[in-house]
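Encoded as structure tokens, the structure appears first; notes follow it.
6 protein chains.
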Amino acid sequence: MDVVEQALSEDLGTGDVTRFAVPEDHKSSYYIEAQADGIVCGLGVAYHLLGWLEGADPDEFAEYKFVDSDPIQAGDVVFEGYYNTRLLLQAERTVLNFLMHLSGVATLTRKFVDAIRGTRAQITDTRKTLPGLRAFQKYAVRCGGGRNHRMSLSDGVLIKDNHIRAAGGIAEAIAAVRAEVSHTLKIEIECATVAQVDRALSAGADVILLDNMSIGELRDAVSIAKGRATLEASGGVTLENVREIAEAGVDYISVGAITHSAPSLPFHLEVR
Amino acid sequence: MDVVEQALSEDLGTGDVTRFAVPEDHKSSYYIEAQADGIVCGLGVAYHLLGWLEGADPDEFAEYKFVDSDPIQAGDVVFEGYYNTRLLLQAERTVLNFLMHLSGVATLTRKFVDAIRGTRAQITDTRKTLPGLRAFQKYAVRCGGGRNHRMSLSDGVLIKDNHIRAAGGIAEAIAAVRAEVSHTLKIEIECATVAQVDRALSAGADVILLDNMSIGELRDAVSIAKGRATLEASGGVTLENVREIAEAGVDYISVGAITHSAPSLPFHLEVR
Amino acid sequence: MDVVEQALSEDLGTGDVTRFAVPEDHKSSYYIEAQADGIVCGLGVAYHLLGWLEGADPDEFAEYKFVDSDPIQAGDVVFEGYYNTRLLLQAERTVLNFLMHLSGVATLTRKFVDAIRGTRAQITDTRKTLPGLRAFQKYAVRCGGGRNHRMSLSDGVLIKDNHIRAAGGIAEAIAAVRAEVSHTLKIEIECATVAQVDRALSAGADVILLDNMSIGELRDAVSIAKGRATLEASGGVTLENVREIAEAGVDYISVGAITHSAPSLPFHLEVR
Amino acid sequence: MDVVEQALSEDLGTGDVTRFAVPEDHKSSYYIEAQADGIVCGLGVAYHLLGWLEGADPDEFAEYKFVDSDPIQAGDVVFEGYYNTRLLLQAERTVLNFLMHLSGVATLTRKFVDAIRGTRAQITDTRKTLPGLRAFQKYAVRCGGGRNHRMSLSDGVLIKDNHIRAAGGIAEAIAAVRAEVSHTLKIEIECATVAQVDRALSAGADVILLDNMSIGELRDAVSIAKGRATLEASGGVTLENVREIAEAGVDYISVGAITHSAPSLPFHLEVR
Amino acid sequence: MDVVEQALSEDLGTGDVTRFAVPEDHKSSYYIEAQADGIVCGLGVAYHLLGWLEGADPDEFAEYKFVDSDPIQAGDVVFEGYYNTRLLLQAERTVLNFLMHLSGVATLTRKFVDAIRGTRAQITDTRKTLPGLRAFQKYAVRCGGGRNHRMSLSDGVLIKDNHIRAAGGIAEAIAAVRAEVSHTLKIEIECATVAQVDRALSAGADVILLDNMSIGELRDAVSIAKGRATLEASGGVTLENVREIAEAGVDYISVGAITHSAPSLPFHLEVR
Amino acid sequence: MDVVEQALSEDLGTGDVTRFAVPEDHKSSYYIEAQADGIVCGLGVAYHLLGWLEGADPDEFAEYKFVDSDPIQAGDVVFEGYYNTRLLLQAERTVLNFLMHLSGVATLTRKFVDAIRGTRAQITDTRKTLPGLRAFQKYAVRCGGGRNHRMSLSDGVLIKDNHIRAAGGIAEAIAAVRAEVSHTLKIEIECATVAQVDRALSAGADVILLDNMSIGELRDAVSIAKGRATLEASGGVTLENVREIAEAGVDYISVGAITHSAPSLPFHLEVR
């Protein structure tokens, strides 16, 4: 929860100058309400900042009304509590900034997941995340029903076009990596053409990323792979074209937009 | 640049396992290209990560082709260089994640700024920023032509409805804050009705935030304020309604969406 | 309380080598006693270091006998408790170093505040604080009855002579800053002559710092300002001349000495 | 230099809002001038903050005119340079805060050192330092001609009255410590009476702290010690009584005031 | 290199008290010499601490005479240079502590690697590393010719007996993990009997850890696996039995001792 | 316990991918069992990581069955508890890595201590510790019955051959250090010949390190010292020769191997 503490500190600066408007011991009953429909995500931040007060008054409380991953509707109260007013108003913006962003990510992910329901494919995220927020965003993707791709450069091999060029070819790149990395890791390689897919299969790739391929090419890739490698479609995926991509028979569809361009889901915090 | 270092580290994890595909001393000539029109922002991160190599080879370089705030078009090369390939591919994603997000913020800000051009109003941001990225996002807002509101709770007084309720009224809240805060700070207070604006003016508010008011109410607020206070419209601002709000005569219009919901502006990095 | 933890760690080094003189489970009843008259400040540090032991024995306690801001006399017991002796003696010096310094600041501040009682002026601090201790010292100033000036360069505009020289003049400096900073900040500018005060007023300065002016100049400045700007006297303020300055009619008098040259107020910790 | 970076950051907050008064590329020739006589200390901080700019313009420079420990007079220019004006004015306060405080400590130390010149005694500091500044203050003490006592609880044994009480006696305390600590450390013990000094000598103390003794008692302690232990006088030492204490024949006189109550030595930074 | 900085700081404490024996500007020509045969590892630490002095004198230098992974003999000079004597003697112990330990790890690893030369098996490390030193130790293992197993719990799945018990069986554990983890990771599972190996193969395990099996069991496991899974032998591996294990036909042999029990390889640093 | 937290984090990486095998709320009864005879050390780490769960279920517990310094035998259960299975398996490796290493250090130390029982000498450690683990290793040495030498360069003077060379001689080195260091520190100096010992005694050394001397030389050193200085033998000490060294009459014998080359003492954690 270091990222949460940093965000709180970023918002607090050298101290809240408006706090003087509120008596030091004033307490408030409050609730957090959704202002649009979607998937809720980030309630743990609310609990972390509003529910763990040291030496808390026994009257104080913080309570979940929904849990992360739940579908919610505008008007739903997702969290409520009773708390010191100064501390509440100092934590408010940080709580809402997490909740609105993470729920935005979960909600957009769910739309992609729903769009391919019934196919064999699964939605997965990418490393196109917002700086500092990767672990939170990837959690939100799971809450939206998506799968996680690698967390960082260290827990998955993905040989891209630039690697292949430097290595001197697909087979060379795969061999060079296999000779060094842990035997617990699969080797994924990016292919832009069906001919490259064929070469990657011969070189023993475990996973093949099909980069910006047409639906026809995707189908051809599926057809020549015959299950010998896991297939992941990537590039230019939208809510409009994702089902057609899924129906081409790939195993995974990775979508950058769910983490780099998810609009916020609005919530507000109100004192009763 | 700590946030940049953290983002790099977040992406690197315990080490890039795909690096073995590339010979350790391999170098590459590369460029970063825009894939859509907009305002560029975040090139300093590229320079920070790709241009400051300790003990660098004299052949290596990193060069800006545009500067932050410049309008760019799809196909424009915004940055180019020559660098160790392993290090380049390890920094690539972090560089692009900043560039795409910050350019997205600057680009959306510019759309709001353009929409009110010719009026007396100015676009300003809010504290509805993404956790950990406030300073970067606020810089992007300036690159897009917007103004910055306070950076944190410590550099601006903004008395909101929840403060007023706890203080016992508008005049009480203003008096309580004025008795304590530095004489270098103005006092801004949120009003939801024109009657409240009147009370805030009487209490000597320096700035009044007009919260979610109709165009008619905004005009009334402008009319009764007679320049005695700075007026800031806030709440529900969109590209569709922002001009009408500006024409009501307010001084500032604060827009949360430019920081919480700006879609990414796409760029890619290519090795020549 | 990070500064407190750092101070404790600075004093502990790699471990207290004298601890072996005391049996590991030995406990002591102790009290902290003032050795001079003044204003007490910093008792929270004592409580933080002596009262929050994890897994504490139910016999242990830590108790305030006074609260910060209280006037105290030599011989007053300000804090007492019962605690593990090794831990007590390891925290003792850090507790006393804070208490003696902060009480020193509060006590000197109170002397300045008392010296101008009955005038319209208020005592305020400066950025002439001891490195790393700004927040603590500014808190001590408030405990002594003073007001806080800005906490840092980010929460208050103060255009000084060197800025004016670089800007090309008073009006130019004010205009340049106003075009960029948040509308929640007032603009303060330093003037060394009454003629400059006149120019600053014309340029719309919100606050004017009257730098090292004679009593006569201060009176002239007050007279021409006619309430159009807040006036702050600064420079060479002593307990001898502060009342005369206040009686010249300024709003604030800023005093560096209360933070950079406050002598320590002595306390000692005794085991009963 | 972490403490310096923290102090700079403490002063900068979220960014200098007054910087807009100065054009971004403006440079200034400046000097730092003493405003009183004393011993200069802290010039390394000036050089650290003003002289190590990355990618500095070749015109820029930072130059010592004196070195730490030098005696200076009001009007002496101690440092000068040519630097980016915005960065200069952002570092100015931190540089001066260190310089004024550390020179204050060195200057007061020198007064004590001068007062006992010609005796066998030496002035030493204590652990009564300002939180976070111990290493800097102890360096200033050396610059003023004083000696350093232990830096922390880990590099010197000093058994005090509270330890003795818990241990059950002087001999018991010394034996308990000697059985555990490194053989590289001497054992110092605090005595309040000559009878205790006798007991400490019998128990083999290496150093004896003579706590708040009268001149007569100090002389008696010297007389019975006969060089078998190093003797340190401590408690209530002032510029008025320090020579008499020294002449009693002790080896060291420790003075808390040189670190906890040294008034600032004034300096200012001027742009030419 | 944070671990190196921390180690240096751990050794420096509040400052080197013996430095006063050496004049501040004294420089020395020095060399680091091996005192036993083995594989050298850790020279980068020497270069990091002795070769990157800011503002170094042009006479100073630091030079590798061997590179990491090289076999060396007692008496070989592996590094030499010319440096400030105080700084040299302050870095000496940290440099040697890394060099002696990492060379110890590399040397022991090489003995295991040599012992199985000619078989299909490879030596791999484990997570039985010394706290804080994992990345360094795993680098030393590679220098000794070993392969790295996963770096942490996040870059490799390894289902152990305790997981299987909690999951309710081998097939259940594998299915539960496969449903959640990234498709870039293989699934490894620990088996203690050949019957379990059979079940793991049916459940589609990618890698099977053969835990503390006899040579006979290892051969049976190899025989029933028929290349369908990668096989790793683990538990009780010594230099005496490692070849027999390798000849049983497994792919990897993991050895905890190379990181948890490698004796130091001695080196000393001498000033000429 | 920062080193423990860092080790846990080093092992956790971006999250345990195998955790999905175990239901989130599953709990286990477990014990930690010794697999060899020795001295146990490091149980506090087990308690720190397994016994301090915030908001723990009342069923959960963590219990010491032995305490650090106790002799144990293979098969002894040293710790047991009931805990959330996912958290248990995530902490397991870190707990065991500390326990195995520290018990290894304590066990080897005890062997040296036992070997010299009945002589006047004591075993002490050195600064030849594993990077980052000094405080933990030195604690383990004490648990094994050894004494600690200095913790760092700041809490003990030890003038070595390289210092003497730079200082220009033994007397010069001692005088230079004595003039500067705190009067709470003894001065230790390294001597390689009996002639040097003689010079060190004349120069008033408090402690003399006898470096790599033969038994005959050690005896001669003891004989000429006549108790005027503490004597420490160092260099090439093994379990075979340590008693003969002790019987030569030295006060301390410092042994690098107990911290740089102690083999691990095996333990495992089992779920019942």
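Chains as they are written, first to last, in my numbering: chain G, 1 to 272; chain F, 1001 to 1272; chain Z, 2001 to 2272; chain B, 3001 to 3272; chain A, 4001 to 4272; chain R, 5001 to 5272.
From the three backbone atoms N, C-alpha and C, an ideal C-beta is built for every residue, glycine too.
As the structure is a prediction and not an experimental result, all values here were calculated from the model.
Measure how close the beta-carbons of residue i and residue j come, nearest whole angstrom, since I'm counting them as under 8 Å.
{"i": "H5260 of chain R", "j": "H4163 of chain A", "result": "In fact, because the Cβ distance is near 35 Å, the residues do not count as touching under 8 Å."}
{"i": "L4185 of chain A", "j": "G156 of chain G", "result": "7 Å"}
{"i": "I4187 of chain A", "j": "T4107 of chain A", "result": "About 34 Å separates the two Cβ atoms, so there is no contact after all."}
{"i": "V5105 of chain R", "j": "A5140 of chain R", "result": "4 Å"}
{"i": "G3145 of chain B", "j": "T3109 of chain B", "result": "6 Å"}
{"i": "P5266 of chain R", "j": "A5036 of chain R", "result": "5 Å"}
Report the three-state DSSP secondary structure of residue i (helix, strand or coil).
{"i": "A3121 of chain B", "result": "coil"}
{"i": "E5172 of chain R", "result": "helix"}
{"i": "D1211 of chain F", "result": "strand"}
{"i": "I4029 of chain A", "result": "For the sequence presented, residue 4029 of chain A should be read as Ser rather than Ile. If DSSP states are grouped into helix, strand and coil, S4029 of chain A belongs with the strands."}
{"i": "R5243 of chain R", "result": "helix"}
{"i": "G2051 of chain Z", "result": "coil"}
{"i": "C41 of chain G", "result": "coil"}
{"i": "T5230 of chain R", "result": "strand"}
{"i": "E2217 of chain Z", "result": "helix"}
{"i": "L269 of chain G", "result": "strand"}
Does the beta-carbon of residue i have 16 or more other beta-carbons within 10 angstroms, so that it is buried, or is it exposed?
{"i": "I174 of chain G", "result": "buried"}
{"i": "Q4073 of chain A", "result": "exposed"}
{"i": "L239 of chain G", "result": "exposed"}
Cβ of residue i less than 9 Å from any chain D Cβ?
{"i": "Y5082 of chain R", "result": "Within the model displayed, chain D is absent; protein chains G, F, Z, B, A and R are what it includes."}
Residue j and residue i - do their beta-carbons sit closer together than 9 Å?
{"i": "R1093 of chain F", "j": "D1011 of chain F", "result": "yes"}
{"i": "A5034 of chain R", "j": "L5050 of chain R", "result": "no"}
{"i": "D5220 of chain R", "j": "C5191 of chain R", "result": "no"}
{"i": "V4271 of chain A", "j": "T4124 of chain A", "result": "no"}
{"i": "L4218 of chain A", "j": "G4249 of chain A", "result": "yes"}
{"i": "F4098 of chain A", "j": "P5131 of chain R", "result": "yes"}
{"i": "L1089 of chain F", "j": "K65 of chain G", "result": "no"}
{"i": "H3183 of chain B", "j": "S5182 of chain R", "result": "no"}
{"i": "L5231 of chain R", "j": "V5237 of chain R", "result": "no"}
{"i": "I253 of chain G", "j": "A233 of chain G", "result": "yes"}
{"i": "A5166 of chain R", "j": "V4022 of chain A", "result": "yes"}
{"i": "V177 of chain G", "j": "T1018 of chain F", "result": "yes"}
If you compare alpha carbons, which of the options is closest to residue i?
{"i": "G1168 of chain F", "options": "G:G13, G:F20, G:Q6, G:G15", "result": "G:F20"}
{"i": "S4069 of chain A", "options": "A:K4138, A:G4075, A:A4229, A:V4022", "result": "A:K4138"}
{"i": "T3193 of chain B", "options": "B:A3166, B:L3133, B:A3176, B:I3224", "result": "B:I3224"}
{"i": "Y2030 of chain Z", "options": "Z:D2198, Z:C2041, Z:E2060", "result": "Z:E2060"}
{"i": "A2046 of chain Z", "options": "Z:F2079, Z:R2165, Z:G2256, Z:Y2083", "result": "Z:F2079"}
{"i": "S3103 of chain B", "options": "B:S3009, B:V3255, B:P3071", "result": "B:P3071"}
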